[in-house]
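In numbering that gives the first Met the number 0, the protein residues as written are 0 to 518.
Glycine included, each C-beta is placed from N, C-alpha and C at the ideal position.
So the structure is just underneath, and the comments pick up after that.
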Amino acid sequence: MINNWQIPRNKRKLYPVVDILSLFTLQTLGENWSNNLNRQLDFESELERFGLKRPGQRRDRRAGGARTYESWLYNLGLIFKETDSGVIRTTLAGEALLAGQPPVPIITNQLMKLQYPSPYSIRSRVNIHYRFQIRPFRFLLRLLADNRIQTLSKEEIGRFVITEGENESRSCFEHVVQRIISYRSYGDAVLPPDFEERYQSSTTGLRTREQTLSYLEDIANTFINYLEYTQLIERNSNGSIYIPQERISDVEAILNDGTSLRRLDTNHPYGIENFQRNFGLAPGQNRDNRSFGGQTVTDTLYRERRIRSNLLHIAGTRPITSFTASLVREIADLTGYTVREVEDALDGFRPDTFSQFEASYLNMAISGTELATEFETATQAIFEQLGFRAEHVGNHALHPDVFVESPLNYSGIIDTKAYVRYVINNDHRNRMVNNYIPTYQNQHGNLEFFMYVAHGFGSNIDSQVQSIADRTNVNGSVITARNVIRLLQRNYANPIDHNTLKTLFTKNSRITMADIDSL
């Protein structure tokens, strides 16, 4: 029995949720997943093909890896198993994701409803202790909204929140608050002598104190990653999380919505299915009355799902404004279907592709090395949408990540940094001053700006940009990934003149929301 909060950690971030759900449903349409090893292995192969799972020879030919992804989706309330047939279906929230609806509100809604006990928490391979009667993500937000706490580190979450946050009572909340406050004063001295014995996983032997803390902090960091997807929190420079000022009202609305834990009735023959269906209601829905009896899975349905799956995957990697002939051809090449079949499958399918891309891009910006290359190429695609000729050059030594040229005969270089809070250190400044800018000045002669794109920036970033400009006589700027998205939205609404963009990109400071709103 696991004596702390737990969530699957095969995927520790939520950015690929639409892709994984889409690929999973392709392997489970109208079939009994649990007893079909070939389908499970095919699912693993598809995950590898999409870059969602590390390829290589499988040590477990029983498809244990595939089942961990099923558990991941099940925990999020995106799938359920029909009691009578054993067939796995998508919940209404899952269907909304597959229909291309904005993923962040849907997943936020699921995380705010996620609770212990649940069909996931009582699974035999999970078995979270019955003492936990709590919605963990709400509890985290409640702590962050408390003026005595305000920020949380993975150390604090791992030591006290996921171990002692048992329920949603006022007394339990106050207990956890005081434990965190004591830890901030006295450190690990406040831990009980038998701490490492209390919080052992049911699948491992006895751990040392150091190993136990590492195990719990790893779980805590996964909870942070999940919560980060909602865009309700941010990380500061030391990795602790907090609620940004502009999201406080959203968090308060969630915490004061009047909802409570759902009852899990394991004695009712349909108790597990009913709970999971209700857990999986999308925002604005209050009932799932679907009946699947006699449903036939045709080749046409499978083809449609597969083609739409590929479209949603592409939408997460670059902005799509319309279904062009080149996009249709690209999907035809990826799937092996004809152009006509792709066109038929996409007929009437109008997903919110911008929301798909926005969610992915903002996650790329905090991914570190994991999605650094994807962040570079996605930024290239954004500048193409802004009307530049853009080239990804980051795969060459001593080059920036993206080179762009305007129709107005000026060019710029862009370095993307998938950091939560980026500062231009000496090494990065020297590369820009001594390598990047001279190389592109010599090659093109019309270099007008340099730019850094990151999730956030340190407090001295403006002076660091000005220092590079002073040393090179080339002006520049920095911009957050969120403001890149805002700039793209602004351009969609009313295309921005490239002289105006040049002025914006050469301001020798950070580009703010107010700068974009004033265009």
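Residue closest to residue i, alpha-carbon to alpha-carbon, out of the options
| i | options | result |
| --- | --- | --- |
| Thr370 | Leu205, Thr320, Ala417 | Reading off the sequence, residue 370 comes out as Leu, not Thr. It is Ala417 whose Cα lies nearest to the Cα of Leu370. |
| Pro243 | Ala144, Phe382, Phe322 | Ala144 |
| Thr24 | Lys80, Lys52, Lys12 | Lys80 |
| Arg169 | Gln199, Tyr198, Phe138 | Phe138 |
| Asp351 | Ala281, Pro318, Thr207 | Pro318 |
| Ala513 | Pro104, Arg349, Ile478, Arg183 | Ile478 |
| Pro102 | Asn362, Asp461, Asn235 | Asn362 |
| Ala65 | Thr82, Gly93, Gln26, Val86 | Gln26 |
| Asn285 | Asn108, Leu46, Ala492, Glu45 | Asn108 |
| Glu303 | His312, Leu263, Phe348, Leu140 | Phe348 |
| Ser517 | Asn498, Arg489, Thr162 | Arg489 |
| Trp4 | Leu28, Asp187, Pro135 | Pro135 |
| Asp461 | Asp298, Thr511, Ser236, Ile105 | Thr511 |
| Arg481 | Phe387, Glu233, Ile161, Leu28 | Glu233 |
| Arg289 | Glu94, Arg53, Thr299 | Glu94 |
| Gly283 | Leu503, Thr82, Pro494, Pro104 | Pro104 |
| Tyr421 | Asn235, Ser184, Gln442 | Asn235 |
| Glu272 | Thr295, Gly85, Val17 | Gly85 |
| Tyr360 | Gly238, Val483, Arg430, Asn266 | Val483 |
| Thr82 | Thr265, Arg430, Phe322, Arg428 | Thr265 |
| Asn237 | Ile495, Gly457, Leu190, Ala492 | Gly457 |
| Leu254 | Glu167, Thr299, Asp346, Asn425 | Glu167 |
| Asp346 | Asp332, Phe322, Asp298, Arg183 | Phe322 |
| Leu300 | Asn493, Leu28, Ile161 | Leu28 |
| Val189 | Ser239, Glu155, Arg428 | Glu155 |
Residues near residue i by beta carbon distance below 8 Å, same chain, minus five either side
| i | result |
| --- | --- |
| Ala62 | Confidence at Ala62 is low in this model, with a pLDDT of 48, below 50, so the placement of that residue is unreliable and no value is reported for it. |
| Val176 | Leu142, Asp145, Arg147, Ile148 |
| Glu165 | Arg130, Phe131, Gln132, Ile133, Cys171 |
| Thr67 | Pro7, Asn9 |
| Glu342 | Val327 |
| Thr211 | Phe194, Glu195, Tyr198, Gln199 |
| Tyr119 | Ser70, Tyr73, Asn74, Val125 |
| Asp287 | Thr90, Leu91, Arg276, Asn277, Gly279, Leu280 |
| Thr221 | Ile6, Arg8, Arg11 |
| Asn532 | Missing from the structure shown is residue 532; the chain here goes from 0 to 518 and no further. |
6 Å Cβ shell around residue i - same chain, five flanking residues per side excluded
| i | result |
| --- | --- |
| Arg57 | Because the pLDDT at Arg57 is just 48, under 50, the model does not fix this residue reliably, and the point stays unresolved. |
| Phe402 | Glu390, Val392, Ile412 |
| Gly157 | Leu215, Glu216, Ala219 |
| Ile423 | Gln463 |
| Thr415 | Phe374, Glu375, Thr378, Asp400, Val452 |
| Arg485 | Ile515 |
| Pro15 | Leu51 |
| Leu263 | Pro116, Phe274 |
| Ala324 | none |
| Tyr439 | Ile412, Leu446 |
| Tyr435 | Pro399, Ile412 |
Cβ-based neighbour list, residue i, same chain, cut-off 7 Å, excluding 5 preceding and 5 following
| i | result |
| --- | --- |
| Tyr409 | Asn445, Glu447, Lys501 |
| Glu227 | Ile365 |
| Ile330 | Ile306, Asn309, Leu310, Val341 |
| Leu97 | Leu20, Ser21, Thr24, Thr89 |
| His128 | Met0, Ile1, Asn2 |
| Ala380 | Arg317, Pro318 |
| Ala344 | Arg302, Glu303, Ile306, Arg307 |
| Val250 | Leu140, Ala144, Leu231, Ile242 |
| Pro174 | Before going on, a small fix: residue 174 reads as His here, not Pro. Hits under 7 Å: Glu163. |
| Gln100 | Asp351 |
| Glu404 | Phe387, Arg388, Ser410 |
Contact belief for residue i with residue j at Cβ below 8 Å, rounded distance in angstroms
| i | j | result |
| --- | --- | --- |
| Tyr269 | Thr150 | With a Cβ gap of about 43 Å, Tyr269 and Thr150 do not count as contacting. |
| Gly519 | Phe356 | Only positions 0 to 518 of the chain appear in the structure, and residue 519 is not among them; the question remains open. |
| Ile179 | Phe159 | 6 Å |
| Asn498 | Leu407 | 7 Å |
| Val419 | His454 | 5 Å |
| Asn223 | Lys153 | Correcting the residue type first, residue 223 is Ile in the shown sequence and not Asn. Confirmed, about 6 Å. |
| Gln114 | Leu13 | With a Cβ gap of about 18 Å, Gln114 and Leu13 do not count as contacting. |
| Leu110 | Thr258 | Leu110 to Thr258, Cβ: 13 Å. No contact. |
Check whether the stretch 448-455 touches the stretch 474-487, counting contact only when three or more Cβ pairs, one atom from each stretch, lie closer than 8 Å. yes
Touching by the beta-carbon criterion (3+ pairs, under 8 Å), the stretch 457-471 and the stretch 493-509: yes
Sufficient close CB pairs (3 or more, under 8 Å) joining the stretch 322-339 to the stretch 389-408: no
Do the stretch 246-263 and the stretch 64-76 meet, that is, are 3 or more Cβ pairs less than 8 Å apart? no
For the stretch 380-405, list the beta strand (DSSP E) runs that are entirely contained and at least 3 residues long, ordered along the chain. 388-391, 401-404
Alpha helix (DSSP H) runs wholly inside the stretch 193-263, at least 4 long, in chain order: 194-197, 208-228, 247-254
For the stretch 55-136, which segments carrying the alpha helix (DSSP H) assignment without a break, of at least 4 residues, lie completely within its bounds, in sequence order? 63-74, 91-97, 102-112
Would you mind listing the alpha helix (DSSP H) stretches within the stretch 348-376 that are 4+ residues and don't spill past its ends, in chain order? 352-363
Would you list, in sequence order, the uninterrupted beta strand (DSSP E) runs of no fewer than 3 residues that lie entirely inside the stretch 438-497? 446-453, 474-479
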